[in-house]
Amino acid sequence: MAQPTPLCEVKDIVQDFRRPSGQTLRVLDGVSLTVNEHEVVALLGPSGCGKSTVLRILAGLIPATAGSVSNQGAPLTGRNEDVAMVFQSFALYPWMTARENIEAVLRAQGLSEDKVKERTDQVIKVVGLTGFANSHPREMSGGMKQRIGIARAISVDRKLLFMDEPFSQVDALTAESLRSEVLDLWAPVDRNPSSILMVSHDIKEVVYMADRIVIFGTNPGRIRKIIDNHLPRPRDYRSPEFLQLVDHIHDIITGMELPDAAPLAAATPAGEIEQLPPVIPSEIVGLIEYLEARRGQEDVFRIATDTAREFGEIISVVKAAEVLDLVDTPKRLVVLTAEGRKFAKALAEERRSIWRSCLMSLQIFKTLHAMISRQPTHEIDREIVEETIILAMPHEDYARQFMTIIAWARYGNMLSYDETTEKVSLSEGNGTGNGGSHGSTPAPTVTPSA
Amino acid sequence: MVARLKRIWGGALAGERSSQKPPGWFDFLLLIGVFGLFYGLFHIAGQWSSVMRAKVEIDLSPWMLPWYTFQSLMRGIFAYVLSLIFTLIYGYWAAKDARAERILVPILDILQSIPVLGFMPGLVLALVALFPTSNTGLELAAVLMIFTSQVWNMTFSFYRSIQTVPREQQEAAQVFGFTWLQKFGRVEVPFATLGLVWNSMMSMAGGWFFLTVSESFTLGDQDFRLPGLGSYMQAATAQENTAAQIYAIIAMMVMVVSLDQLLWRPMVAWAQKFRVEEGGGGEVASSWFLEWLQRSHLLSRAQSVAFWVGRPCARFARTVGRQLKGLRRSMVRPAFPLADDAAASNSRSHPVASAFSLCMLIALVVLMAWGAVELMRLLRQVHLQTWEEIAASGGITFARVFTAVVLGTLWTLPAGLIIGLSPRLSRILQPIIQIAASFPASMLFVIVVGALYSCGLPLGFSSIVLMMLGTQWYILFNVIAGAMTIPADLREAARAYGIVGFQRFRILYFPAIFPYLVTGWVTAMGGAWNASIVAELMTTKAGELSTVGLGAMISKAATSSDMPTLAASVVGMSFIVVGINRTVWRRLYRISETTYCIDK
Chain A
212 MAQPTPLCEV
222 KDIVQDFRRP
232 SGQTLRVLDG
242 VSLTVNEHEV
252 VALLGPSGCG
262 KSTVLRILAG
272 LIPATAGSVS
282 NQGAPLTGRN
292 EDVAMVFQSF
302 ALYPWMTARE
312 NIEAVLRAQG
322 LSEDKVKERT
332 DQVIKVVGLT
342 GFANSHPREM
352 SGGMKQRIGI
362 ARAISVDRKL
372 LFMDEPFSQV
382 DALTAESLRS
392 EVLDLWAPVD
402 RNPSSILMVS
412 HDIKEVVYMA
422 DRIVIFGTNP
432 GRIRKIIDNH
442 LPRPRDYRSP
452 EFLQLVDHIH
462 DIITGMELPD
472 AAPLAAATPA
482 GEIEQLPPVI
492 PSEIVGLIEY
502 LEARRGQEDV
512 FRIATDTARE
522 FGEIISVVKA
532 AEVLDLVDTP
542 KRLVVLTAEG
552 RKFAKALAEE
562 RRSIWRSCLM
572 SLQIFKTLHA
582 MISRQPTHEI
592 DREIVEETII
602 LAMPHEDYAR
612 QFMTIIAWAR
622 YGNMLSYDET
632 TEKVSLSEGN
642 GTGNGGSHGS
652 TPAPTVTPSA
Chain B
2 MVARLKRIWG
12 GALAGERSSQ
22 KPPGWFDFLL
32 LIGVFGLFYG
42 LFHIAGQWSS
52 VMRAKVEIDL
62 SPWMLPWYTF
72 QSLMRGIFAY
82 VLSLIFTLIY
92 GYWAAKDARA
102 ERILVPILDI
112 LQSIPVLGFM
122 PGLVLALVAL
132 FPTSNTGLEL
142 AAVLMIFTSQ
152 VWNMTFSFYR
162 SIQTVPREQQ
172 EAAQVFGFTW
182 LQKFGRVEVP
192 FATLGLVWNS
202 MMSMAGGWFF
212 LTVSESFTLG
222 DQDFRLPGLG
232 SYMQAATAQE
242 NTAAQIYAII
252 AMMVMVVSLD
262 QLLWRPMVAW
272 AQKFRVEEGG
282 GGEVASSWFL
292 EWLQRSHLLS
302 RAQSVAFWVG
312 RPCARFARTV
322 GRQLKGLRRS
332 MVRPAFPLAD
342 DAAASNSRSH
352 PVASAFSLCM
362 LIALVVLMAW
372 GAVELMRLLR
382 QVHLQTWEEI
392 AASGGITFAR
402 VFTAVVLGTL
412 WTLPAGLIIG
422 LSPRLSRILQ
432 PIIQIAASFP
442 ASMLFVIVVG
452 ALYSCGLPLG
462 FSSIVLMMLG
472 TQWYILFNVI
482 AGAMTIPADL
492 REAARAYGIV
502 GFQRFRILYF
512 PAIFPYLVTG
522 WVTAMGGAWN
532 ASIVAELMTT
542 KAGELSTVGL
552 GAMISKAATS
562 SDMPTLAASV
572 VGMSFIVVGI
582 NRTVWRRLYR
592 ISETTYCIDK
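One line per chain: the protein sequences are A and B, in this order. Taking my numbering, the leading residue of the first sequence gets 212, the next gets one more, and so forth. Taking my numbering, the leading residue of the second sequence gets 2, the next gets one more, and so forth.
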């Protein structure tokens with residue numbers, strides 16, 4: 212095979228975003244990626260891993276903080292003129308009809324009026340919306356809107372078609388047909404778009420569409436693995452090779468997101484604060500209940516399918532339960548631990564005390580508990596807690612981390628937080644200082660063993 | 002819903018005819034209207050260019066009223082056009098240039114707090130000096146005074162809208178290479194249109210409120226009076242001609258109602274296409290006039306003529322434009338297929354635009370510095386005694402403004418809730434309230450003051466009623482809007498648990514409409530401060546009637562041309578208003594955004 216011709220490329224890019232609070236967050240770290248002629252590249256990863264940012268950097272919508280961006284061999288400054296884009300929320304202008312939305316874009320290219328009309332008719336026909344040309348977007352379903360979005364993108368005849376989660380707001384059946392239609396548009400080698408770069412969190416979708424699958428990891432966004440997909444087209448969702456590749460990707464993702472090594476709490480050096488996945492307690496409890504109803508174990512991707520959630524979100528919940536030592540994750544399985552089983556069987560009051568003892572095995576809660584107990588007023592400012600978080604993990608979104616800590620502690624009836632005074636205090640009647648013991652409040656001093 | 006509205010508004014006027022098609026005489030009336038407009042404008046143009054007459058004798062005959070009213074109307078519309086141009090430029094600049102924004106927005110905040118008389122002497126002196134021989138200077142001064150009572154809220158609305166254009170819509174414009182002009186015309190202005198139309202209605206009403214002040218004013222020993230409805234009312238009051246006063250009120254009503262039916266309703270109905278939210282639901286505004294216009298034979302004829310004439314012209318212009326572009330492109334860089342120089346304007350701010358913006362900003366800062374120096378020079382002449390007087394009368398006026406807002410809230414809160422919670426009532430009453438709110442309460446002041454005076458209430462108290470008359474509508478509108486958005490499930494829950502009467506008000510209605518109420522209060526209070534200049538001092542046949550207050554002080558200083566006192570009292574009022582905005586209102590806004598925010 213001949214050497215592929217690169218169309219656009221990023222090398223070692225870093226992207227920092229400044230939050231309104233002034234804190235800088237690293238979204239991308241050392242990402243390098245090339246899109247070659249005539250291929251479909253998919254960026255796969257949980258939301259918040261920066262894959263959409265890579266897309267926007269390559270489109271020239273936002274400048275990278277560091278690293279180089281090039282298009283057709285020349286450094287990219289400003290908008291990338293070879294890119295047409297399809298958006299997650301369609302980004303059609305509601306005050307224009309379908310037709311006018313496309314015409315406006317073509318006029319911006321400086322085409323003559325006759326050419327504009329001709330091209331508009333042509334692309335509307337291609338996406339099969341001739342009868343809806345004069346409708347406004349608000350009269351259309353999500354699928355129809357995205358058809359217009361695709362028509363608009365191909366109308367400008369660019370080499371690169373970028374798609375940002377294009378089918379996530381389209382119903383499942385329509386998405387199915389749109390995927391193959393987009394591939395039909397891309398297939399002729401002598402016609403634009405030459406290549407497609409898409410962002411997705413749907414594993415089957417990317418296996419169906421892409422020649423290369425780029426798997427991203429979070430915190431900060433990094434490329435974890437690039438998989439070449441040589442399955443012949445048109446692809447069959449149920450062929451063994453297809454399923455095998457999906458399976459392989461499942462393994463890769465669980466391997467990097469839920470490693471079989473010691474759980475996070477134990478892996479964190481003594482005295483250091485653990486990072487908590489931003490998940491609310493009811494989701495963790497829900498996961499425990501779900502597992503309990505399935506004899507204590509299930510495949511993590513099966514859980515995602517069953518609950519109709521993005522796999523990234525489910526992985527976060529699993530991680531959170533793992534931090535609390537309620538589940539274990541051998542390979543792709545999620546298994547209840549002894550503690551998890553006990554929790555599942557317990558009644559409300561007992562659950563809280565188990566939860567509380569799980570929290571107290573984490574350094575962050577030990578530290579907070581000690582800090583608050585030391586205060587004569589038994590309360591501390593939110594700011595102090597946040598400073599503690601910043602010191603331990605400068606790159607984490609401290610406000611989000613704070614809210615997670617409070618939510619977890621509130622569920623265990625351990626801490627309370629007053630939004631108006633922004634003060635954190637110990638909850639009344641919580642079993643203070645009983646560290647790792649599982650007793651409910653108050654801890655009995657003498658317990659006869661017999 | 003739409004059909005019913007059509008029946009109410011269209012049917013009532015079209016009689017038995019279907020509201021779909023305009024009656025046969027519609028085209029005829031339209032034609033007469035257009036010719037009448039041109040004739041009137043021609044006449045006005047003649048008047049502008051004629052020799053300057055500082056004080057026109059006002060003929061109190063009712064037959065002269067249509068002509069006076071027409072002139073006032075044209076002043077209002079001219080001022081509105083200026084407001085719109087200012088809004089588009091200033092709002093765009095503030096929204097697009099972060100550096101400029103930091104200066105432009107506070108300036109707007111301050112300008113908003115300055116009552117119309119604060120601008121009067123400067124405008125009149127400057128413009129009369131600019132056009133010493135013709136009437137143009139005076140007319141322009143009147144137009145600009147109306148402008149100052151129209152423009153600020155429009156600019157704020159536009160500025161905020163541009164900032165809230167959804168991110169992906171901006172990105173789409175960028176990816177597909179819209180030029181800044183295309184982005185402005187096809188994305189940003191459409192997005193802002195709906196808010197701008199509503200604010201335009203409010204602004205027009207605000208302009209009429211100060212019509213009397215804008216058309217007849219005294220500056221030192223010189224009286225100025227321009228022919229118009231405001232002057233007519235002023236003359237009628239001065240001569241205590243009750244019949245003429247009533248004529249003027251009727252003329253104003255006719256003007257307000259026709260503007261509402263012929264201009265604002267159609268605008269609102271037309272602006273519906275710029276709604277951003279998805280799906281149907283909600284009331285869709287409609288306008289009989291717009292429908293008739295859209296179906297008028299005459300207009301469709303005119304349109305096709307314009308089309309046949311316009312298309313070749315447009316084509317020619319495009320060809321020339323393309324050739325010019327091609328020329329420029331060949332000079333700048335090699336041509337790309339399909340892409341033209343639109344591509345050159347990438348979204349990261351254009352160096353030329355950014356340099357231009359910086360220059361303008363520097364010019365503005367220099368101008369402001371000069372203004373500040375001049376202001377200081379004026380303020381240095383102010384005695385300590387005057388400052389004390391300003392502080393004292395500021396306190397008194399504040400008490401009045403506050404009382405007016407409280408009194409206004411007392412009746413508008415229950416009334417607005419009843420109207421807003423009943424879809425039937427709000428459908429019927431809202432258009433009527435809109436018209437009532439557009440009617441300038443200042444026209445009624447003299448009558449109200451007279452009536453209250455005979456009840457033994459001096460101006461010091463009746464001015465509170467006057468302020469309330471002018472500003473209660475803002476609260477009412479917002480309460481209605483708030484009540485209409487209370488989610489059905491919250492209301493059902495209250496009903497299901499048997500929460501009734503004051504309990505329901507306390508735990509559901511009041512918290513739910515609180516954010517709207519705050520907006521209403523802010524607008525009403527700002528309006529009340531401005532209204533104080535006409536409410537605390539008025540001229541009758543018996544002479545000047547006034548009470549102690551900052552508004553009266555500004556009025557007196559302006560008419561007696563006492564510049565230092567005028568400057569000091571305007572600065573005082575501005576200081577109080579901006580101060581209250583920055584402290585009280587900002588805090589209440591924050592509370593309403595956190596505690597009382599429903600959609601979360």
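All C-beta atoms in this analysis are idealised placements derived from N, C-alpha and C, irrespective of residue type, glycine included. Predicted, not measured: the structure shown is a model, and the values here were computed from it.
Residue i in three-state terms, based on DSSP
i               : result
S593 of chain B : helix
D413 of chain A : coil
R588 of chain B : helix
C360 of chain B : helix
G544 of chain B : strand
E241 of chain B : coil
F373 of chain A : strand
S463 of chain B : helix
T458 of chain B : Per the sequence shown, the amino acid found at residue 458 of chain B is Leu instead of Thr. Reduced to three states, the DSSP call for L458 of chain B is coil.
R435 of chain A : strand
I224 of chain A : strand
Q320 of chain A : coil
C219 of chain A : strand
R520 of chain A : coil
Y628 of chain A : strand
M121 of chain B : helix
A421 of chain A : coil
Counterpart residues of residue i in DSSP-defined beta bridges
i               : result
P286 of chain A : A:S281
F218 of chain B : B:F225
D98 of chain B  : Answer is none; D98 of chain B lacks a bridge partner.
G229 of chain A : Here residue 229 of chain A is Arg; the residue named in the question, Gly, does not match the sequence. BP columns for R229 of chain A point to A:T235.
G428 of chain A : A:R433
N247 of chain A : A:P217
D510 of chain A : A:L544
I407 of chain A : A:V251 and A:L372
K634 of chain A : A:D592 and A:D629
Contact under 9 Å by Cβ, residue i with residue j
i               : j               : result
V129 of chain B : F79 of chain B  : no
I463 of chain A : R423 of chain A : no
A452 of chain B : L470 of chain B : no
M268 of chain B : S201 of chain B : yes
F177 of chain B : A285 of chain A : no
G523 of chain A : T429 of chain A : yes
I33 of chain B  : V258 of chain B : no
V406 of chain B : W522 of chain B : yes
L477 of chain B : G527 of chain B : no
The ligand ZN heavy atom lying under 8 Å from the CB of residue i
i               : result
Y304 of chain A : Looking for the ligand ZN in the displayed structure turns up nothing, as the structure carries no ligands at all.
Check whether the stretch 145-153 of chain B and the stretch 199-207 of chain B are in contact - that is, three or more C-beta pairs closer than 8 Å.
yes
Mind pulling the beta strand (DSSP E) runs of 3 or more residues that sit fully within the stretch 589-624 of chain A?
590-592
Three or more C-beta pairs below 8 Å linking the stretch 374-388 of chain A and the stretch 292-300 of chain A
yes
Below 8 Å, can you find three or more Cβ-Cβ pairs linking the stretch 254-270 of chain A to the stretch 518-534 of chain A?
yes
Mind the definition here: the stretch 212-224 of chain B touches the stretch 232-245 of chain B only if three or more C-beta pairs lie below 8 Å; say whether that holds.
yes
Segment contact flag, the stretch 572-591 of chain B with the stretch 486-498 of chain B, C-beta cutoff 8 Å, min 3 pairs:
no
With a threshold of 8 Å, are at least 3 pairs of Cβ atoms found where one atom belongs to the stretch 508-520 of chain A and the other to the stretch 625-638 of chain A?
no
Is the stretch 164-181 of chain B in contact with the stretch 216-228 of chain B, if contact means three or more CB pairs nearer than 8 Å?
no
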